[in-house]
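*Asks:* First the structure, then my questions, so here it is.
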Amino acid sequence: AGIVLVGLLELTVPQFFLALALANVLVASYIYTVVPEFLIRLLVWMLTHTMYRVKHHGMEHIPDEGPCMLVCNHVSYVDALLLAGAIRRPVRFVMFKPIYDMPLLNYIFRTGKTIPIDSKVRNPAIYERAFVRIREELEAGEVVCIFPEGKLTDDGEVAEFRAGIEKIVADYPVPVIPMALSGLWGSFFSHKGGKALTRLPRRFWSRIKLAVGEAVAPQQVRAEDLRERVLALRERP
1 AGIVLVGLLE
11 LTVPQFFLAL
21 ALANVLVASY
31 IYTVVPEFLI
41 RLLVWMLTHT
51 MYRVKHHGME
61 HIPDEGPCML
71 VCNHVSYVDA
81 LLLAGAIRRP
91 VRFVMFKPIY
101 DMPLLNYIFR
111 TGKTIPIDSK
121 VRNPAIYERA
131 FVRIREELEA
141 GEVVCIFPEG
151 KLTDDGEVAE
161 FRAGIEKIVA
171 DYPVPVIPMA
181 LSGLWGSFFS
191 HKGGKALTRL
201 PRRFWSRIKL
211 AVGEAVAPQQ
221 VRAEDLRERV
231 LALRERP
């Protein structure tokens with residue numbers, strides 16, 4: 001078909017491939033204007049599956065439709081990217097506001113409908129607004145993900161889960177699905193050995209595991225119980 005077009009349009013082969021490349025750019029630009037979130041999700045999938053070999057367990061526990069909360073341990077700065085690249089549905093991540101506000105990245109976060117949150121003491125307005133946004137997304141039938149530790153792990157272990165998840169399901173009862181990431185501690189994006197992003201990456205295409213557990217009914221949600229479930233998932237072979 002390409003050879004026929006070259007003849008009909010009287011193009012040289014280099015001109016044909018240039019025109020094809022320009023057409024691809026135009027199509028991609030059009031797709032982005034119509035469904036920007038889809039294109040970003042595609043780019044995230046390509047990026048994460050180039051850097052890591054992600055093995056999934058229990059993905060069937062995430063419903064194909066309807067609202068739910070996801071909770072996961074927080075190991076590295078790419079946790080949300082890995083989850084977004086693995087989960088079939090769009091996910092609204094709750095993110096620490098200083099990270100959300102980072103130049104350039106902020107546009108991507110806004111396009112992905114990320115929800116910024118801050119300390120209740122430092123910025124009570126942003127804190128309360130985050131819970132309003134979470135409820136709005138759940139009411140719209142979306143998937144929302146939080147990292148209940150509230151920070152990246154400093155030692156590779158799973159810290160105490162904060163009670164924010166209990167506040168969320170008390171306000172709008174939905175199933176809560178525990179998840180566990182393993183294999184990221186010691187990576188360029190983790191805090192092992194000090195601050196993250198300060199050492200040259202030592203490995204690429206590392207094996208990462210994402211284990212997903214059965215949904216917990218909203219009336220049974222307790223922060224410490226969810227932490228125990230995440231720990232059990234993390235240790236599962």
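The sequence shown begins at 1 in the numbering used here and counts up by one.
Glycine included, each C-beta is placed from N, C-alpha and C at the ideal position.
Under 7 Å between the Cβ atoms of Glu-161 and Leu-226?
*Replies:* Going by the sequence as given, residue 161 is Phe instead of Glu. Result yes, Cβ atoms of Phe-161 and Leu-226 sit closer than 7 Å.
*Asks:* Within this structure, are the beta carbons of Ala-84 and Val-91 separated by less than 7 Å?
*Replies:* Yes, the Cβ-Cβ distance between Ala-84 and Val-91 is below 7 Å.
*Asks:* Would DSSP call Phe-93 helix, strand or coil?
*Replies:* Strand.
*Asks:* Can the beta-carbon of Pro-103 be found less than 7 Å from the beta-carbon of Pro-173?
*Replies:* Not in contact: Pro-103 and Pro-173 (Cβ atoms no closer than 7 Å).
*Asks:* Could you round the C-beta distance between Arg-229 and Pro-178 to whole angstroms and report it? I think they count as a contact, below 8 Å.
*Replies:* 4 Å between Cβ atoms; contact.
*Asks:* Please report the residue range of the beta strand (DSSP E) in which Pro-178 lies.
*Replies:* Run containing Pro-178: 176-182, per the beta strand (DSSP E) assignment.
*Asks:* Do you know whose CA, among Arg-135, Thr-114 and Glu-65, lies nearest Val-169's CA?
*Replies:* When only C-alpha atoms are compared, the closest one is Arg-135.
*Asks:* With DSSP collapsed to three states, give me the class of His-61.
*Replies:* Reduced to three states, the DSSP call for His-61 is helix.
*Asks:* Applying the criterion that 16 or more other CB atoms from any shown protein chain within 10 Å of the CB defines a buried residue, is Met-59 buried or exposed?
*Replies:* When all chains shown are included, Met-59 counts as exposed.
*Asks:* With DSSP as the reference, identify every bridge partner of Ile-168, one or two as the case may be.
*Replies:* Per DSSP, none; premise fails for Ile-168.
*Asks:* Mark Leu-105 as exposed unless 16 or more other C-beta atoms lie within 10 angstroms of its C-beta, in which case mark it buried.
*Replies:* Exposed is the call here.
*Asks:* For Arg-88, name the three-state secondary structure that DSSP assigns.
*Replies:* Arg-88: coil per DSSP, three-state reduction.
*Asks:* Can you tell me which of the three DSSP states Gln-220 falls into?
*Replies:* Note: Gln-220 maps to helix in three-state DSSP.
*Asks:* Please state whether the Cβ-Cβ distance between Ala-180 and Ala-211 is less than 7 Å.
*Replies:* In contact: Ala-180 and Ala-211 (Cβ atoms closer than 7 Å).
*Asks:* Run through DSSP, which three-state label would Pro-103 get?
*Replies:* Note: Pro-103 maps to coil in three-state DSSP.
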